[in-house]
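Novice:
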Amino acid sequence: MSKIKFAVLPGDYIGPEVMTEALRVLNVAAGKAGLTLETTVADVGGAGIDNHGKALPDSTLDVCRAADAILFGSVGGPKWESLPPKEQPERAALLPLRKAFNLFANIRPGLLYAELTDASPLKTNRIPEGIDIVCIRELTGGIYFGQPKSTTTLDNGEQQAIDTMVYQTSEIERIAEVAAVTAKARGGRVCSVDKANVLETSVLWRKTVIDYFAKNHPDLELSHMYVDNAAMQLARDPNQFDVLFTENMFGDILSDEMAVICGSLGMMSSASLGTEKNSHGHPFGLFEPAGGTAPDIAGMGVANPCAQILSGAMMLRYSFGQLELAEQIETAVRKTVTEDGLRTGDIAFGRDPVGTTAMADAIIGNL
Ligand code: IPM
Ligand code: MN
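Its first residue numbered 29, the sequence shown is counted upward by one per residue in my numbering.
1. Skipping 5 residues on each side, what residues in its chain have a beta carbon closer than 7 Å to that of H310?
2. Can you tell me whether E45 is helix, strand or coil according to DSSP?
3. Taking DSSP's pairing of strands, which residues face N306 in a bridge?
4. Would you call the region 310 to 320 and the region 287 to 301 touching, i.e. three or more CB-CB distances under 8 Å?
5. Could you tell me the distance, in whole angstroms, from the CA atom of R379 to the CA atom of R371?
6. Can you list every residue whose CB sits closer than 7 Å to some heavy atom of ligand 2, going in chain order?
7. From the DSSP secondary-structure annotation, give me the bridge partner or partners of E249.
8. Suppose the cutoff is 8 Å on Cβ atoms and the five residues either side in sequence are ignored; what does the same chain contact list for R52 look like?
9. May I ask you to report which of helix, strand or coil DSSP gives P38?
10. Closest to A224 by C-alpha separation, out of G215, V218, R234, would be which residue?
11. Going by the C-beta, is L123 closer than 7 Å to any heavy atom of ligand 1?
12. Cα separation between A386 and V46?
13. With the cut-off set at 8 Å, would you say T40 and V91 are in Cβ contact?
14. Tell me whether the beta-carbon of N332 lies closer than 8 Å to the beta-carbon of S292.
15. Any heavy atom of ligand 1 closer than 7 Å to the CB of E118?
16. Classify R136 as helix, strand or coil using the three-state DSSP reduction.
17. With distances taken between CB atoms, is the gap from V221 to A211 smaller than 8 Å?
18. Could you please give the first and the last residue of the uninterrupted alpha helix (DSSP H) stretch that includes Q356?
19. Can you tell me where the alpha helix (DSSP H) holding Q261 begins and where it ends?
20. Does the region 281 to 288 come into contact with the region 172 to 179, if we say contact requires no fewer than three beta-carbon pairs (one atom in each stretch) closer than 8 Å?
21. I need the DSSP call for A318, collapsed to helix, strand or coil.
22. With distances taken from CA atoms, which of F132, V382, R165, V237 is nearest V8?
23. For Q188, write down the residues that DSSP places opposite it in a beta bridge.
24. Mark A320 as exposed unless 16 or more other C-beta atoms lie within 10 angstroms of its C-beta, in which case mark it buried.
25. Under DSSP, the alpha helix (DSSP H) around R345 begins and ends at which residues?
26. Have a look at I135 and S339 and give me their C-alpha separation to the nearest angstrom.
27. Return helix, strand or coil for A299, following the three-state DSSP convention.
28. If I measure Cβ to Cβ from A57 and keep anything under 7 Å in the same chain, skipping five residues before and after, which residues do I get?
29. Any contact between the region 122 to 133 and the region 193 to 211? By contact I mean 3 or more CB pairs, one from each, below 8 Å.
30. Check D96 in the structure and name its three-state DSSP category.
31. Which residue or residues does DSSP assign as beta-bridge partners of F129?
32. What runs of the alpha helix (DSSP H), each 4 residues or longer, lie entirely inside the region 65 to 124?
33. Between the C-alpha atoms of P35 and I98, what's the straight-line distance to the nearest angstrom?
34. If you follow the alpha helix (DSSP H) that E143 is part of, which residue opens it and which one closes it?
35. Can you tell me the Cα-Cα spacing of V69 and G105, whole angstroms?
Right under this line is the structure:
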């Protein structure tokens with residue numbers, strides 16, 4: 029491998045700002061390993077709507093199809109909030125991208141450096157060592173995509189809306205496998221989250237997970253938790269989890285809860301892996317920060333670039349098999365924030381905050 033070829037979809041507001049810095053960091057890291065980046069930039073989200081009339085323009089999809097991975101920024105903001113929900117940048121860009129590339133496995137690390145515990149709303153004496161967990165969310169099934177999905181008017185004039193939660197064993201097994209592989213590289217503990225006391229899909233989920241682990245991963249420690257309890261346990265003692273995995277909507281909610289518990293959204297990266305392999309034989313994936321477009325600080329040069337940079341590291345690991353390179357970037361980010369104590373405003377806590385570019389410069393210095 030000599031080229032790292034990926035699509036760059038910066039998106040809106042702070043998206044392009046942090047993307048610029050992430051690309052600088054990736055360029056330096058790749059260069060040191062004798063690799064070159066080959067990137068194609070395309071509009072997505074609000075930029076897609078403004079320039080092409082669609083949050084996910086066909087031309088952008090083509091750029092993604094020709095690439096080995098997608099590095100995604102953030103989309104959406106006040107400018108497009110009056111559009112119908114279906115056309116709004118977040119939903120109209122992310123959901124079709126997930127479907128188009130079968131991005132079924134969403135990996136969201138919940139990482140809080142011990143030095144940043146002040147960023148967490150939890151009592152910091154409860155998490156003295158920081159937080160290190162992973163939430164794995166099924167991303168292309170369940171109630172998000174199940175049919176029928178409709179809004180109709182009944183005979184009595186009332187409106188009725190229907191969403192359908194559907195899962196098949198193969199969909200459950202493939203996300204269980206991602207959870208298992210992730211746990212093997214970590215603490216070896218997997219907690220499957222469901223609502224098997226109420227939902228048919230969850231009864232199938234739990235049975236399938238139990239059978240799958242018994243057959244394929246008997247060495248891992250598997251547990252099960254109802255989603256309402258999982259929400260409480262996450263707030264009570266996040267480090268009781270190693271890897272937790274769950275269906276689409278539960279994962280949407282729990283991963284946001286995990287993000288807030290881990291402090292700043294500016295530090296949270298994520299990966300969405302597809303069923304297809306790219307030209308290197310690794311999973312095609314989309315990699316994005318969890319934080320969103322932060323319109324209030326856009327254009328000010330103060331956004332935290334770490335989440336975007338760490339998402340780039342995840343891309344190198346999962347879609348290009350560059351484990352060492354990914355780790356070097358992660359280590360450089362950690363050192364910059366912890367030992368060097370450089371902080372953007374979101375994680376400053378009384379320190380003088382540095383800007384987006386200065387943060388990236390320091391990370392590059394640590395590479
Ligand atoms: C996420 C987002 C999306 C989701 C929205 C924007 C469609 O909340 O990636 O978690 O619900 O999946
Ligand atoms: Mn969400």
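For each residue, glycine too, the CB sits at the ideal point set by N, CA and C. In this text the structure is predicted, and so the values were computed from the model without any measurement.
Specialist: To lay it out plainly:
1. Working through the sequence shown from its first residue, we reach residue 310 at position 282. For H310, where only same-chain residues beyond five positions count, the Cβ hits under 7 Å are Y346, S347, F348, G349.
2. The residue labelled residue 45 in the question sits at position 17 within the sequence shown. DSSP places E45 in helix when its eight states are reduced to three.
3. Numbered from 1 along the sequence shown, position 278 holds the residue referred to as residue 306. Note: N306 sits in no beta bridge, so no partner.
4. Contact between the region 310 to 320 and the region 287 to 301 is present, because at least three Cβ pairs lie under 8 Å.
5. Here residue 379 is taken as the residue at index 351 of the sequence shown, counted from 1. Here residue 371 is taken as the residue at index 343 of the sequence shown, counted from 1. Approximately 7 Å between the Cα atoms of the pair.
6. D280, S283, D284
7. Here the question's residue 249 lines up with position 221 in the sequence shown. Answer is R217.
8. Counting from one through the sequence shown, the residue named residue 52 turns up at place 24. Around R52: A388, I392.
9. In the sequence shown, counting from the first residue as 1, residue 38 sits at position 10. P38 falls in the strand class under three-state DSSP.
10. On the sequence shown, position 196 is the one that residue 224 refers to. When each option's Cα is compared against that of A224, the closest is R234.
11. As a working note, residue 123 is residue 95 in the sequence shown. Flag set: Cβ of L123 near ligand 1.
12. Taking the first residue of the sequence shown as 1, we reach residue 386 at position 358. Taking the first residue of the sequence shown as 1, we reach residue 46 at position 18. Annotation: A386 to V46 spans about 12 Å, alpha carbon to alpha carbon.
13. Numbered from its first residue, the sequence shown carries residue 40 at position 12. Numbered from its first residue, the sequence shown carries residue 91 at position 63. Reading the sequence as shown, one finds Asp at residue 40 and not Thr. No.
14. Position 304 of the sequence shown, counted from the first residue, corresponds to residue 332. Position 264 of the sequence shown, counted from the first residue, corresponds to residue 292. Yes, they are a contact pair.
15. Residue numbering aside, residue 118 sits at position 90 when the sequence shown is read from its first letter. E118: yes, Cβ under 7 Å from ligand 1.
16. Mapped onto the sequence shown, residue 136 falls at position 108. Strand, per DSSP.
17. Numbered from 1 along the sequence shown, position 193 holds the residue referred to as residue 221. Numbered from 1 along the sequence shown, position 183 holds the residue referred to as residue 211. Contact: no.
18. Here residue 356 refers to the residue found at position 328 of the sequence shown. Looking at the DSSP string, the run of the alpha helix (DSSP H) that includes Q356 is 351 to 365.
19. On the sequence shown, residue 261 is found 233 positions in, with the first residue counted as 1. Note, Q261: alpha helix (DSSP H), 255 to 264.
20. no
21. For the purposes of this step, residue 318 is taken as the residue at position 290 of the sequence shown. Coil, per DSSP.
22. One cannot answer for residue 8 here, as it falls past the ends of the chain, which runs 29 to 395.
23. Numbered from 1 along the sequence shown, position 160 holds the residue referred to as residue 188. Paired residues: T180.
24. Taking the first residue of the sequence shown as position 1, residue 320 is located at position 292. Strictly speaking, residue 320 in this sequence is Gly, with Ala absent from that position. Looking at its Cβ environment, which holds 16 or more other Cβ atoms inside 10 Å, G320 is buried.
25. As a working mapping, residue 345 is identified with position 317 in the sequence shown. Per DSSP, R345 belongs to the alpha helix (DSSP H) from 334 to 348.
26. Translated into positions along the sequence shown, residue 135 becomes position 107. Translated into positions along the sequence shown, residue 339 becomes position 311. Using only the alpha carbons, I get a separation of about 11 Å.
27. Locating residue 299 in the sequence shown gives position 271, counting from the first residue. Looking at A299 - three-state DSSP - the assignment turns out to be strand.
28. Residue mapping note: residue 57 aligns to position 29 of the sequence shown, counting from 1. Counting only Cβ-Cβ distances below 7 Å, and skipping sequence neighbours, we find L353, Q356, I357, L395.
29. Judged by Cβ distances under 8 Å, the region 122 to 133 makes contact with the region 193 to 211, as three or more pairs qualify.
30. As a working mapping, residue 96 is identified with position 68 in the sequence shown. Three-state DSSP puts D96 in coil, outside helix and strand.
31. For this step, residue 129 is matched to residue 101 along the sequence shown. DSSP links F129 through a beta bridge to no other residue.
32. If we require 4 residues or more, the alpha helix (DSSP H) runs fully inside the region 65 to 124 come out as 74 to 80, 86 to 93.
33. Walking along the sequence shown from the start, residue 35 turns up at place 7. Walking along the sequence shown from the start, residue 98 turns up at place 70. What sits at residue 35 in the sequence shown is Ala, not Pro. One C-alpha to the other measures close to 5 Å.
34. Here residue 143 corresponds to residue number 115 of the sequence shown, with the count starting at 1. It is not in any alpha helix (DSSP H) - E143 carries neither H nor E in the DSSP assignment.
35. Along the sequence shown, one-based indexing puts residue 69 at 41. Along the sequence shown, one-based indexing puts residue 105 at 77. Distance between the alpha carbons of V69 and G105 is about 20 Å.
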